[in-house]
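J.: Following full-length UniProt numbering, the numbering of the sequence shown begins with 1 at its first residue and continues without gaps.
Dumping the structure here so I can ask a few things about it.
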Amino acid sequence: MEFGIVFFPTVGGSGGEPTATQYYDDGLYLAQLAEQLGYHQVKLVEHYFFDYGGYSPDPITFLAAVAARTSRLRVATGAVIPAFTHPVKLAGQLAMLDNISGGRLDVGFGRAFLPDEFAAFGIPLDESRARFEEGVEACVRLWTEDDLSWEGSFHKFGPLTMLPKPAQQPHPPVFVASTGSLDSCRAAGEQGHHLQLIAAVATREKVQEALAVYRGARAAAGYAPGTERIDLTFPCFVDEDREAAYRLGEHVERKLSEKMGAAVSAWATVRSDQYPGYDRMAAAALGGGAAFDERVKQNKILAGTPDDVRAQLAEIADWYGDGISVGLSVHSGQVPRATVEHGLRLFAEHVAPAFTDVR
Numbered sequence: 001m002e003f004g005i006v007f008f009p010t011v012g013g014s015g016g017e018p019t020a021t022q023y024y025d026d027g028l029y030l031a032q033l034a035e036q037l038g039y040h041q042v043k044l045v046e047h048y049f050f051d052y053g054g055y056s057p058d059p060i061t062f063l064a065a066v067a068a069r070t071s072r073l074r075v076a077t078g079a080v081i082p083a084f085t086h087p088v089k090l091a092g093q094l095a096m097l098d099n100i101s102g103g104r105l106d107v108g109f110g111r112a113f114l115p116d117e118f119a120a121f122g123i124p125l126d127e128s129r130a131r132f133e134e135g136v137e138a139c140v141r142l143w144t145e146d147d148l149s150w151e152g153s154f155h156k157f158g159p160l161t162m163l164p165k166p167a168q169q170p171h172p173p174v175f176v177a178s179t180g181s182l183d184s185c186r187a188a189g190e191q192g193h194h195l196q197l198i199a200a201v202a203t204r205e206k207v208q209e210a211l212a213v214y215r216g217a218r219a220a221a222g223y224a225p226g227t228e229r230i231d232l233t234f235p236c237f238v239d240e241d242r243e244a245a246y247r248l249g250e251h252v253e254r255k256l257s258e259k260m261g262a263a264v265s266a267w268a269t270v271r272s273d274q275y276p277g278y279d280r281m282a283a284a285a286l287g288g289g290a291a292f293d294e295r296v297k298q299n300k301i302l303a304g305t306p307d308d309v310r311a312q313l314a315e316i317a318d319w320y321g322d323g324i325s326v327g328l329s330v331h332s333g334q335v336p337r338a339t340v341e342h343g344l345r346l347f348a349e350h351v352a353p354a355f356t357d358v359r
């Protein structure tokens, strides 16, 4: 089992919150520290203009800065949104990052889900899945084919040969980001792509069902079992003092709920058949969701002493099977850098070694 770190800013610079400059400075420091401590990956989201992720409208730019400061750490988009960027532009940016990093890029593609982001780009929510599928396919073909002529539903271009080609051949590992949609997981498996799941937003049974659908579709498409990569993301709060870890986690999760509530509020009046149940998700976010300690018991959040978190991860490994890696969501901007660093060191020294031989 490998462990990476995940950055998801939930700050906007007001009320004493970090500025964007401070957030990026802390993130670059933590990425370099993560490499020194043996973490395998740093991952960053794409969101816009809300305090919920808004400091990261272009994860590729930040990850290029990480790549320039590290030599081993993989850099991952978690995820870029094909619906918001022309595929020639997006494929070129990602290929540049793969070359700058020396072939260390993992590409996560996502559909996005905030109605106000779609409105800002002038894109109907009901085109979400079709734009996602076309964008991913176009990027892969731009990376792997010469003289490509593309006649899609949303983009037409070519013939052209994209430069640069990616450093990794035939292309960087492609991940589909999902909250557990069975359709998304099935499609990812059929295409032979890897999977990014935010396990914290679904029940154990839902995650297990999603993984079974994904693995089954991948096997049916002829891909060898065990070649898949599954990244599961969890908020993580580790301290020698369990109560201190819980206090920290409760603060961060409360702020996340507040920021997310504002970002998803449009779902109270917006409907799309491509996002079933998102009105209920918005209502849950606005209501604050389940109690923190209950979510820890359900292994939706990793929190407590190193022994506590080690026990949680052992259970998670048992639940979800082989081929998983875990992303620790640690850099929201709501926690001082020194506190995040302390948790990363504790995890690396007292939790990760128990799983280094788990494959």
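Where a beta carbon is used, it is the ideal one built from N, C-alpha and C, also for glycine.
Quick caveat: nothing in here was measured; it's all calculated off a predicted structure.
Exposed or buried, Gln169, counting other C-beta atoms within 10 Å across all chains shown (16 or more means buried)?
T.: Gln169 comes out exposed.
J.: By the 10 Å Cβ neighbour count, where 16 or more other Cβ atoms means buried, how is Phe121 classified, buried or exposed?
T.: Label assigned to Phe121: exposed.
J.: Please confirm whether Phe132 and Arg104 have their CB atoms less than 8 Å apart.
T.: Cβ distance not < 8 Å, so Phe132 and Arg104 don't count as in contact.
J.: Can you tell me which of the three DSSP states Glu151 falls into?
T.: Glu151: strand per DSSP, three-state reduction.
J.: Out of Pro173, Cys236, Asp318, which has the shortest C-alpha to C-alpha gap to Gln208?
T.: Of the listed residues, the one whose Cα sits closest to Gln208 is Asp318.
J.: Work out the CA separation of Thr305 and Ala314 for me, nearest whole Å.
T.: Ala314 and Thr305: Cα-Cα distance of roughly 14 Å.
J.: Per DSSP, residue 407 is paired with what?
T.: Since the first residue of the chain shown is 1 and the last is 359, residue 407 is not available in this structure.
J.: Just checking, does the region 190-209 make contact with the region 294-304 on the three C-beta pairs under 8 Å criterion?
T.: Taking 8 Å as the limit for Cβ pairs, the verdict is that the region 294-304 does touch the region 190-209.
J.: Among residues of its own chain, excluding the 5 on either side of Phe84, which ones have a beta-carbon nearer than 6 Å to its beta-carbon?
T.: Phe121.
J.: Just the C-alpha distance for residue 380 and Asp58, rounded to the nearest angstrom, thanks.
T.: Absent from the structure is residue 380, since the part of the chain shown begins at 1 and ends at 359.
J.: Suppose you measure from the CA of His193 to the CA of Glu145; what does that come to, to the nearest Å?
T.: Going from the Cα of His193 to the Cα of Glu145 covers about 18 Å.
J.: Rounded to the nearest angstrom, what separates Val11 and Ala64 at their Cα positions?
T.: Each residue's Cα considered, the two are about 22 Å apart.
J.: Alpha carbon to alpha carbon, what distance is there between Thr269 and Gly226?
T.: Their backbone Cα atoms lie some 43 Å apart in a straight line.
J.: Going by DSSP, what residue range makes up the alpha helix (DSSP H) through Pro306?
T.: Here the alpha helix (DSSP H) through Pro306 covers 306-320.
J.: So the beta strand (DSSP E) Arg229 belongs to, where does it begin and stop?
T.: That residue, Arg229, is in no beta strand (DSSP E); it is neither H nor E in DSSP.
J.: Name the residue from Leu37, Gly277, Leu30, Phe49 whose alpha carbon lies nearest to the alpha carbon of Lys43.
T.: Minimum Cα distance to Lys43 is reached at Leu30.
J.: Within a Cβ cutoff of 8 Å, which residues of the same chain sit near Val358, ignoring the five residues on either side of it in sequence?
T.: Confidence in Val358 is poor, its pLDDT being 39 and thus under 50, which makes the residue's placement too unreliable to answer from.
J.: In whole angstroms, what separates the C-alpha of Asp147 from that of Phe8?
T.: So the alpha carbons of these two residues sit roughly 38 Å apart.
J.: Taking only three categories from DSSP, how would you classify Glu349?
T.: Helix at Glu349.
J.: Put Val358 into one of helix, strand or coil per three-state DSSP.
T.: Note that Val358 scores 39 on pLDDT, short of 50, meaning its location in the model is unreliable; the coordinates nonetheless yield the value given after this. Val358: coil per DSSP, three-state reduction.
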